[in-house]
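Sequence lines, in order, name chains A and B. Every position in the first sequence, counted from 1, becomes a number in our numbering once 1065 is added. Every position in the second sequence, counted from 1, becomes a number in our numbering once 835 is added. Note that the Cβ used here is the ideal one computed from N, Cα and C, for glycine as well.
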Amino acid sequence: MNNTQLKKLACRVRLGVIEAVYSAKSGHPGGSLSASDIFTYLYFKELNIDPKNPKNPDRDRFVLSKGHCCPGLYSTLALRGYFPAEELKSLRHVGAMLQGHPDMKGTPGIDMSSGSLGQGLSVACGMALAAKLDNKDYRVYALLGDGESEEGQVWEAAMFAAHHKLDNLCVIIDCNGLQIDGPVAQVCSIEPIDKKMEAFGFEVMTIDGHNFDEIADAFENARKTEGKPFAIIARTTKGKGVSFMENQVGWHGAAPNAEQYAQAVKELTAELEELEGAE
Amino acid sequence: MSVTVKKATRESFGEALCEVAKVNDKVIVLDADLAAATKTSIFKKAYPDRFIDCGIAECDMVGISAGLATCGKIPFCASFAMFSAGRAFEQVRNSVAYPKLNVKIVGSHAGISVGEDGATHQCNEDIALMRVIPNMVVLNPADHYEMLAAVKAAADYYGPVYIRLGRLAIESFNDPENYNFEIGKGITLRDGNDITIVATGLAVGEALKAADELKAESINARVINIHTIKPLDEDLIVKAAKETGKIVTVEEHSIIGGLGEAVASVLAEKYPVPVKKIGINDRFGYSGPATELLKIFGISKDNIVKTVKEQL
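See the structure below:
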């Protein structure tokens, strides 16, 4: 799969995010869009998974620690064939399969329920440790937010991961720079996040989280790293792909109105068509 | 009759872990730098490869346990009740109970009998905290033999379980020869029709002594041991209310949110009778020898006898 194909898929993931959040009249588009390229790469290139056998004990695991960005994950899972894309339209509705935050009991492809920030890396450590204990070679991935990294439990888990040499664990921190109350740098800075992760015993790589060459390179390095866990610091744009959502704090957790929805779909569709033309 | 054992339930717990680990290789034990105190150290010695010390990071420990459980392990994660049920409450709720993962949360040093460590470590709120979470089973074994059986039952049961352990050595009263533990089934230890004493954990031993003393004064108190606070054996409680008309509950826990309120709640809806709750009366404890504190706070044979007489 080449980069154009990946870009096209990411575009469709973003369209699914807009569809889902618009249908729900609530949800979190900003962080879903900033992580869409990472979701795409993980589910279409990186993870050893089978949508037909989502509970395979030997599969790679993915924990969406920043659970509120599930519209991005749901859209990716639908595109990958875990469930029909129609489900996206009932996100957050009463009785819907797709809950406001991930529910592993109800949604195929979700490896862990999440949503309360700061807890996912601990769970991913448990999964990675289980692989070590059972001599299995599956890998574990956890996606965290930069704002989320203000939670103390993240650092408890980081210490644990390095202490136990969990080299089957790869953490991705989606650094889109914004949290609910404003820029992370102003609310409570996490920087220098790369040096912090290094100091906690991780092999670290900082990348442009929207560049598929760099994403590929980072995951490849993660696989090669032995004896320590790996952290990818992904510098991203919150709201990426929808002009009026980009770098706007207000789009952390708000749904577009009909006019904004149409505009967002127009922009993403135009991008998709451009990519198709380029092929 | 079997040999009476005087042992803290935390010690029994450590021994029980080794027993279940022998027959179930999925059992794994985690602690947060308190192995010597929670007695997971007994397991650590027997099964070093299946023991994980998470360091002083209880919230992380609960999350790690959740992750292990998603991969088929049966983690028992232990710390003081103050931390496993208290500090990590939200992790237990969201990362364990909501997805109904097969994690056993263990709270040692529960109640006032922690003793000298004082108020910060005397957790009188853990039963309330764990009981309120959907999907959670809450066990509070009363003696050595009950703890052995409870740990086995918890390992065999699929889903989240909270197990409460005590620090203080207490005398056993159960006979292992004919003892049967079933999650959710209370045990009538003494028959009687004048009043019912419903007790849990360490308080059960005191309730039995109280019943014996009352018997000498021709007061026949029924004694019910509620080792499973959730799901509560409602039938047994309602039956006791119908047959004895009055209830006294005893627990080494706050009278808010614990056994007493669970019993009162069932009876209020199904068969209202007077319920008098003995427990920690909405206050913090303080330092002192455990046995002395139990007397001061009224978790004692003498206070049960006195309270029963007041109710008659």
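Check, Outcome
"Phe1216 (chain A) (DSSP reduced to helix, strand or coil)", "Per the sequence shown, the amino acid found at residue 1216 (chain A) is Glu instead of Phe. If DSSP states are grouped into helix, strand and coil, Glu1216 (chain A) belongs with coil."
"Residues, ordered as in the chain, of the segment 1221-1255 of chain A that lie near chain B by beta-carbon distance below 9 angstroms", "Glu1221, Ala1222, Met1224, Phe1225, His1228, His1229"
"Cβ shell of Ala1075 (chain A) (< 7 angstroms), same chain only, five flanking positions each side left out", "Ser1101, Asp1102, Thr1105"
"Whole-angstrom distance between Gln1184 (chain A) and Met1169 (chain A), CA atom to CA atom", "15 angstroms"
"Cβ-based contacts, 9 angstroms cut-off: residues of the segment 1180-1193 of chain A near chain B", "Gly1180, Ser1181, Gly1183, Gln1184, Gly1185, Leu1186, Ser1187, Val1188, Ala1189, Cys1190, Gly1191, Met1192, Ala1193"
"Under 7 angstroms by beta carbon: chain A residues contacting Ser900 (chain B)", "Gly1191"
"C-alpha distance - Val1330 (chain A) paired with Asn1068 (chain A), whole-angstrom precision", "22 angstroms"
"Where Lys939 (chain B) sits in the DSSP three-state scheme", "strand"
"Near-chain B residues of the segment 1162-1174 of chain A (beta-carbon distance less than 7 angstroms), N- to C-terminal order", "Met1169, Lys1170"
"Proximal residues of chain A, C-beta to C-beta of Pro934 (chain B) below 8 angstroms", "Asp1168, Met1169, Lys1170, Met1177, Ser1178"
"Contact list for the segment 1115-1129 of chain A against chain B, Cβ threshold 9 angstroms", "Pro1122, Arg1126, Val1128"
"Inter-residue Cα distance where the pair is Lys1112 (chain B) and Pro883 (chain B)", "43 angstroms"
"Contact list for Gly994 (chain B) against chain A, beta-carbon separation under 8 angstroms", "Here the premise fails: no neighbours, minimum Cβ distance about 12 angstroms."
"Where Asp866 (chain B) falls: helix, strand or coil (DSSP)", "strand"
"With 16 other Cβ atoms within 10 Å as the buried cut-off, status of Ser1053 (chain B)", "exposed"
"Interface positions of the segment 842-854 of chain B facing chain A (Cβ-Cβ less than 7 angstroms), listed along the chain", "none"
"CB contact flag (Asp1259 (chain A), Val1269 (chain A), <8 angstroms)", "yes"
"Under 9 angstroms from the C-beta of Ser1089 (chain B): neighbouring residues of chain A", "In chain order: nothing, as chain A lies at least about 26 angstroms away."
"Local conformation of His1317 (chain A) per DSSP, three classes", "coil"
"Endpoints, beta strand (DSSP E) assigned at His1088 (chain B)", "1082-1089"
"Closest Cα partner of Leu1024 (chain A) within the set A:Asn1200, A:Ala1195, A:His1228, A:Val1188", "Since the first and last residues shown for chain A are 1066 and 1344, residue 1024 (chain A) lies out of range."
"Supposed close pair Leu1234 (chain A), Ala1193 (chain A) - CB separation, criterion 8 angstroms", "4 angstroms"
"Whole-angstrom distance between Thr1141 (chain A) and Tyr1062 (chain A), CA atom to CA atom", "As shown, chain A starts at 1066 and ends at 1344. That puts residue 1062 (chain A) outside it, with no answer to give."
"Any chain B beta carbon closer than 8 angstroms to Ala1296 (chain A)", "no"
"Bridge partner(s) assigned by DSSP for Gly1247 (chain A)", "A:Gln1244"
"Buried or exposed (CB count within 10 angstroms, at least 16 for buried), Ala1097 (chain B)", "buried"
"Bridge partner(s) assigned by DSSP for Ser914 (chain B)", "B:Gly942"
"Sheet register partners of Ala1299 (chain A) (DSSP bridge)", "A:Asp1239, A:Ile1272"
"Touch test, the segment 1010-1029 of chain B against the segment 1053-1069 of chain B, Cβ-Cβ under 8 angstroms, three pairs minimum", "yes"
"Residue-chain proximity (Leu964 (chain B), chain A), Cβ-Cβ < 8 angstroms", "no"
"Sequence-distant residues of its chain with Cβ nearer than 7 angstroms to Thr1142 (chain B) (five each side left out)", "Val1083, Lys1111, Ile1113"
"Selection of the segment 905-922 of chain B by Cβ proximity to chain A, strictly under 9 angstroms", "Thr905, Cys906, Gly907, Lys908, Pro910"
"C-beta neighbour in chain B for Ala1329 (chain A), strict 8 angstroms", "no"
"Span of the alpha helix (DSSP H), counted from its first residue to its last, around Arg1077 (chain A)", "1068-1089"
"Three-pair Cβ contact test at 8 angstroms for the segment 1212-1223 of chain A versus the segment 1264-1281 of chain A", "yes"
"Minimum C-alpha distance to Arg999 (chain B) - residue among B:Phe918, B:Gly907, B:Asp868", "B:Phe918"
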